[in-house]
Amino acid sequence: SDYAEWIPYAVLLGCQFYDFIVLSIFLPETKGVVLENHLPPKNKRIFGKRA
């Protein structure tokens, strides 16, 4: 083959490291934190109404 056999593995490993770094920085940790409820009340919901 024209390419080295390790190049696809190196690209995938690089993508994994990039995702790990980006998610570690921009994805907040929620363990032990009460999450806010952003759902509308049942009478204002559009989907899930039963006739």
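17 is the number that UniProt numbering gives to position 17 of the sequence shown; each next residue is one higher, with no gaps.
For every residue, glycine included, the Cβ atom is placed at its ideal position computed from N, Cα and C.
Since the model is a prediction, treat every value here as computed from it, not as a measurement.
Cα-Cα separation, residue i to residue j
i	j	result
residue 35	residue 45	20 Å
residue 11	residue 2	16 Å
residue 18	residue 33	26 Å
residue 22	residue 14	12 Å
Start-to-end residues for the alpha helix (DSSP H) that takes in residue i
i	result
residue 19	7 to 26
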